[in-house]
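Each number in my numbering comes from the position in the sequence shown (counting from 1) with 1 added on.
Beta carbons are placed, not taken as given, at the ideal position from N, Cα and C, and that holds for glycine.
Data first, discussion second: the structure below is written as structure tokens.
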Amino acid sequence: MAAYVSKCPRGAYLNSRDLDLGTNKDANTSYAQASIWGLSYFKNNFRRLAQVKTLVDPAGAHDYEGLSYVSETPFIIIDLFKLRSIDIDIEESSWVESGATIREFYYAIAKKSKVYGFPGGICHTIGVGGHISGGGFDTLFGNYHYGLAADNILDAKIVDINGRVLDGKSMGEDLFWAIRGGGGSSFGVILAWKLRLVPVPPSVTVYRESKTIEQVIFDFLFLETFEKLLPWMQDNFPDLCLDQTKFTEMSWIESVLYFAGLPSNEVDVLLQRTQPSKRFFKAKSDYVTEPISEAGLEDLWQRMLQLEASELIPTPYGGRMSEISASETPFPHRKGNLFEIQYLVFWNDDKETEKNIGWLRRLYASMAPYVSKSPRAAYLNYRDLDLDFQQDLGRNHDANTSYAQASIWGLKYFKGNFRRLVHVKTLVDPGNFLRNEQSIPVLPSGQK
Ligand SMILES: Cc1cc2nc3c(=O)[nH]c(=O)nc-3n(C[C@H](O)[C@H](O)[C@H](O)COP(=O)(O)OP(=O)(O)OC[C@H]3O[C@@H](n4cnc5c(N)ncnc54)[C@H](O)[C@@H]3O)c2cc1C
């Protein structure tokens, strides 16, 4: 009948639902993909429907333990969704309000320039408010002099506990230090960041190779053209035997889409604020300072293969990260770290929660000999309330958690910077009004 009916699009009636027209394959279906069935039902109204859906289904809220929207005690949610303007000034710096997502920020940069980027985050639906205040890394962060997102904060606006709007100068050196890696929520409400953009070449090279059975994926981003990169790789890493057909040259913004698994020619996708997967997951992190022995790697490998939906993401450190002192910001994991590991497990059915968390705990316990010690370090943005699962001391159980109790989790995230964070917290919020299960505690009065 195609020849005799409406065309481009061939119209259809929603109430006579027809999945043969096209379906969403997963939670990340793009506007372009969904247009295949959407335009048939709604023609030009489909775009507006997608915009309305985006408004009621905001991103951000990526805290691994849901601390921005879940608690066992009554709490307040501050919705910053509408506070998301972005003002890009390539030469000077850029302001981004904290309700924006990192992908909206990337999009705004790419609209202004092809030779600037920002070392933000690999998953782009994360909100800039929580993510940048906890550190924030992506493919640009290590070797090319850029560091973390938090290392590129030039200024900030925050509402403090007394309702005053302060900037980097008026909030004082200590508070400005604390919110660049110590997490924002213990100290106030961050309204906006002033960020330094970083230069990127017009063409970068990406590499992705999947090895089958064990499902290992090698992902790299090089800030060079393939022509310059190849001889350098052959000289320096001949043993890697990289497959030349797996290198692709593209712009930095295309690489952002590429690593997010999005079509690299659809930059507008970055404006969508839909959440990715809605599966359950639990994660833990570690820092590795010495090469892991072969026996250790073999054991790790066997454990990972026990579950189908397990994932291990090693992220190399070094480069710029090693040049920044451990006390420059609250994020202490600098020189001496070879890489960071994130262990993840995913599941769909609530009934499987205990089994999967049990598996992750055993894996984490088995890795103790091979990772950092005293403290066993962890990354704040991979929030883990289960850092002390034997005694459940990895969280604040009430508003009066002492420095000693909170040190159990605090030293893992912040090492020697934890004490300074506690001092700043005591100065700016002595009544501990802003608190959650892992907020920085206050010292008793008289101990500032
Ligand atoms: C799918 C996914 C992918 C990720 N990918 C990366 C990655 O590539 N690199 C990386 O480094 N991390 C990554 N993370 C971790 C991410 O950085 C953290 O989850 C981060 O806390 C998310 O920030 P948010 O604003 O989206 O979350 P939220 O849940 O909104 O906030 C997290 C915390 O920050 C506080 N907060 C948020 N906004 C403000 C504000 N304006 N002022 C004060 N406090 C605030 C909240 O109260 C909460 O305690 C990822 C997380 C997820 C879920």
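Shown here, Pro315 sits in a strand according to DSSP, grouped into three states. Here the alpha carbon of Asp139 sits roughly 10 Å from the alpha carbon of His125. The straight-line gap separating the alpha-carbon atoms of Ile127 and Asn163 is approximately 28 Å.
The Cβ-Cβ distance between Lys352 and Ala378 does not fall below 7 Å. Cβ neighbours of Asp156 within its own chain (closer than 7 Å, five residues either side excluded): Asp168, Gly169, Lys195. Its chain contains Phe419 as the residues whose beta carbon lies nearer than 6 Å to that of Gly411, once the 5 sequence neighbours on both sides are disregarded; these appear in chain order. At a cut-off of 6 Å, the beta-carbon of Asp287 does not count as near ligand 1: no heavy atom of the ligand is closer than that. Ranked by how close their Cα comes to the Cα of Asn397, the residues Ser187, Trp360, Asp161 have Ser187 in first place. If you look at Met251, you'll find it in the beta strand (DSSP E) that goes 248-251.
At a Cβ-Cβ threshold of 7 Å, Met172 and Ile159 count as neighbours. From the listed residues Ile79, Asp80, Ser72, Glu105, the smallest Cα separation to Ile87 is found for Glu105. According to the DSSP assignment, Ile123 belongs to no alpha helix (DSSP H), since it is labelled neither H nor E. Cβ neighbours of Ser31 within its own chain (closer than 6 Å, five residues either side excluded): Val270. The C-alpha of Ala284 is placed about 28 Å away from the C-alpha of Glu324. Inclusion of Asp152 and Gly189 in the CB contact set at 7 Å is not warranted, their separation being larger than that value. Phe282 sits in a strand when the DSSP states are folded into three classes. Not one heavy atom of ligand 1 sits closer than 6 Å to the Cβ of Asn338. No Cβ-Cβ contact shorter than 7 Å links Leu20 with Ala13.
Just so you know, the alpha carbons of Asp399 and Ser41 end up roughly 54 Å apart.
Residue state for Val217 is assigned as strand, using DSSP reduced to three classes. Annotated as proximal: Phe340 and Tyr318, with beta-carbon spacing under 7 Å.
Here Ala369 carries a helix assignment [DSSP, helix/strand/coil]. A straight-line Cα-Cα distance of about 56 Å links Ser375 and Trp38. At least one heavy atom of ligand 1 is found less than 6 Å from the C-beta of Ser99. The C-beta distance from Leu272 to Pro264 rounds to 14 Å, too long to meet the 8 Å contact threshold. In the structure shown, Tyr288 falls within a strand segment according to DSSP collapsed to helix, strand and coil.
By the 16-neighbour rule on beta-carbons within 10 angstroms, Val116 is exposed.
Taking a cut-off of 8 Å for Cβ pairs, the region 234-246 and the region 286-303 do not touch, as fewer than three such pairs fall below it.
The criterion of a C-beta distance shorter than 7 Å is not satisfied by Leu386 and Glu309. Ranking Arg274, Val346, Met368 by CA distance to the CA of Ile358 puts Val346 first.
In the structure shown, Gln343 falls within a strand segment according to DSSP collapsed to helix, strand and coil.
Secondary-structure assignment with DSSP links Val201 through no beta bridge to anything.
In this structure Ser211 is exposed. Its beta-carbon is surrounded by fewer than 16 other beta-carbon atoms within 10 angstroms. C-alpha of Phe281 to C-alpha of Asn349: approximately 6 Å in a straight line.
With a cut-off of 6 Å, the C-beta of Leu68 is classified as near ligand 1, since at least one heavy atom of the ligand falls inside that distance. Between Gly137 and the set Glu228, Met322, Leu422, Lys356, the nearest pair of CA atoms involves Met322.
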